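Student: Okay, here's the structure, questions in a sec.
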Amino acid sequence: ETGVTQTPRHLVMGMTNKKSLKCEQHLGHNAMYWYKQSAKKPLELMFVYSLEERVENNSVPSRFSPECPNSSHLFLHLHTLQPEDSALYLCASSQEEGVNEQFFGPGTRLTVL
Amino acid sequence: DAKTTQPPSMDCAEGRAANLPCNHSTISGNEYVYWYRQIHSQGPQYIIHGLKNNETNEMASLIITEDRKSSTLILPHATLRDTAVYYCIVTANWGNEKLTFGTGTRLTIIP
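Chains as they are written, first to last, in the working numbering: chain V, 63 to 175; chain Y, 236 to 346.
So, in structure tokens, the structure goes:
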């Protein structure tokens with residue numbers, strides 16, 4: 063138990079569906095992150111939020127839309143995904159942006175049909 | 236551009252010390268060495284980090300060479316639960332520096 067929870071743990075969706083991934087951290091951290099881990103590829107940083115403001119977007123397609131309503135919650139809204147978007151989506155938090163001791167959630171395993 | 240080089244896989248007998256090497260010959264003066272591990276189907280877990288001195292915590296020890304061009308993560312008494320992919324990451328600890336994960340070392344603990 064890292065103090066970072068993610069729901070759902072598994073998600074199967076069609077290419078025309080809209081779904082959202084949720085992340086919650088109970089650590090009082092100010093920075094939150096979304097990562098993508100595809101099969102046989104390293105983790106890729108997608109988005110960084112610091113104090114609820116997006117500070118980095120690593121050229122992620124617009125079909126992925128993050129939202130950070132407060133410092134404890136982070137969402138990833140998904141729409142019109144492609145099969146190649148199937149991956150493990152990981153959320154992480156850290157005390158501040160740039161502090162690299164990050165705490166990761168268990169991830170959401172996403173399958174796009 | 237990979238800042239670190241790690242062997243793709245290693246085996247270690249249960250109960251023995253697991254020594255995982257990492258080369259980072261281009262490390263700069265303000266960059267730290269971080270170690271994370273990822274057990275199958277879980278999120279990565281922070282293990283330890285250091286700048287130039289050796290570090291130890293309840294999970295592991297980190298030995299950094301004097302020239303800082305390489306380091307070794309030591310798990311003193313490996314258990315089956317230590318089977319995981321271990322990532323060595325070099326990054327500055329400020330501002331917009333981020334963790335960049337490579338392919339790591341797949342460590343298998345043999346009963």
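Backbone N, C-alpha and C fix where the C-beta goes; we use that ideal spot for every residue, glycine too.
As the structure is a prediction and not an experimental result, all values here were calculated from the model.
What residue range does the beta strand (DSSP E) around D246/Y cover?
Tutor: For this step, residue 246/Y is matched to residue 11 along the second sequence. Element bounds for D246/Y: 244 to 248.
Student: Short of 8 Å in beta carbon distance, which residues of its chain neighbour Y271/Y, apart from the five on each side in sequence? Order them along the chain.
Tutor: Translated into positions along the second sequence, residue 271/Y becomes position 36. Within the same chain, Y271/Y has close Cβ partners P279, Q280, Y281, I282, Y321, Y322, I324, L334, F336.
Student: In angstroms, rounded to a whole number, what distance separates the CA positions of Q87/V and P70/V?
Tutor: Translated into positions along the first sequence, residue 87/V becomes position 25. Translated into positions along the first sequence, residue 70/V becomes position 8. Rounded to whole angstroms, Q87/V to P70/V spans 15 Å at the Cα level.
Student: If you check the beta carbons only, do E159/V and A93/V fall under 8 Å apart?
Tutor: Taking the first sequence and counting its residues from 1, one reaches residue 159/V at position 97. Taking the first sequence and counting its residues from 1, one reaches residue 93/V at position 31. Result yes, Cβ atoms of E159/V and A93/V sit closer than 8 Å.
Student: Under a CB-based cut-off of 8 Å, is T239/Y close to chain C?
Tutor: Judged by its chain identifiers, the structure shown contains no chain C, and its protein chains are V and Y.
Student: With a threshold of 8 Å between beta-carbons, can V161/V be considered close to chain Y, or not?
Tutor: By 1-based counting over the first sequence, the position of residue 161/V is 99. Chain Y contact via Cβ: present.
Student: Would you say H284/Y lies against chain V (beta-carbon separation less than 8 Å)?
Tutor: On the second sequence, position 49 is the one that residue 284/Y refers to. Closer than 8 Å: yes.
Student: Can you find a C-beta in chain Y that's less than 8 Å from the C-beta of G167/V?
Tutor: On the first sequence, residue 167/V is found 105 positions in, with the first residue counted as 1. Output row for G167/V: interface = yes.
Student: If you follow the beta strand (DSSP E) that N119/V is part of, which residue opens it and which one closes it?
Tutor: Residue mapping note: residue 119/V aligns to position 57 of the first sequence, counting from 1. Unbroken beta strand (DSSP E) run through N119/V: 115 to 119.
Student: Taking beta-carbon pairs under 7 Å, can you tell me which members of the stretch 92 to 108 of chain V lie near chain Y?
Tutor: Hits within the stretch, in order: P104, L105, L107.
Student: Out of curiosity, what's the CA-to-CA distance linking L315/Y and I309/Y?
Tutor: Within the second sequence, numbered from 1, the residue matching residue 315/Y stands at position 80. Within the second sequence, numbered from 1, the residue matching residue 309/Y stands at position 74. So the two alpha carbons sit approximately 15 Å from each other.
Student: To the nearest angstrom, how far is it from the Cα of N132/V to the Cα of T291/Y?
Tutor: For the purposes of this step, residue 132/V is taken as the residue at position 70 of the first sequence. For the purposes of this step, residue 291/Y is taken as the residue at position 56 of the second sequence. Their Cα atoms are separated by approximately 35 Å.
Student: Please list the partners that L152/V has in chain Y, where partner means a Cβ-to-Cβ separation under 9 Å.
Tutor: By one-based count along the first sequence, residue 152/V stands at place 90. G278, P279, listed in chain order.
Student: Return the bridge partner residues of F126/V from the DSSP annotation.
Tutor: The residue you call residue 126/V lines up with position 64 of the first sequence. For F126/V, which the question treats as bridged, DSSP gives the partners L140/V.
Student: Comparing the C-beta of L334/Y with each C-beta of chain V, is any distance below 8 Å?
Tutor: Here residue 334/Y corresponds to residue number 99 of the second sequence, with the count starting at 1. By this cut-off, L334/Y is an interface position.
Student: So, with DSSP's three-state summary, where would you put R303/Y?
Tutor: Position 68 of the second sequence, counted from the start, is the residue given in the question as residue 303/Y. The answer is coil: DSSP assigns R303/Y none of H, G, I, E or B.
Student: Can you tell which of H91/V, G76/V, K81/V has the C-alpha that lies nearest to the C-alpha of S134/V?
Tutor: On the first sequence, residue 134/V is found 72 positions in, with the first residue counted as 1. The residue with the shortest Cα to Cα distance from S134/V is H91/V.
Student: How would you write the range of the beta strand (DSSP E) that T67/V sits in, first residue to last?
Tutor: Residue 67/V sits at position 5 when you count from the first residue of the first sequence. Per DSSP, T67/V belongs to the beta strand (DSSP E) from 66 to 69.
Student: Can you tell me the Cα-Cα spacing of F126/V and T318/Y, whole angstroms?
Tutor: As a position in the first sequence, residue 126/V is number 64, starting the count at 1. As a position in the second sequence, residue 318/Y is number 83, starting the count at 1. Cα to Cα, F126/V sits roughly 33 Å from T318/Y.
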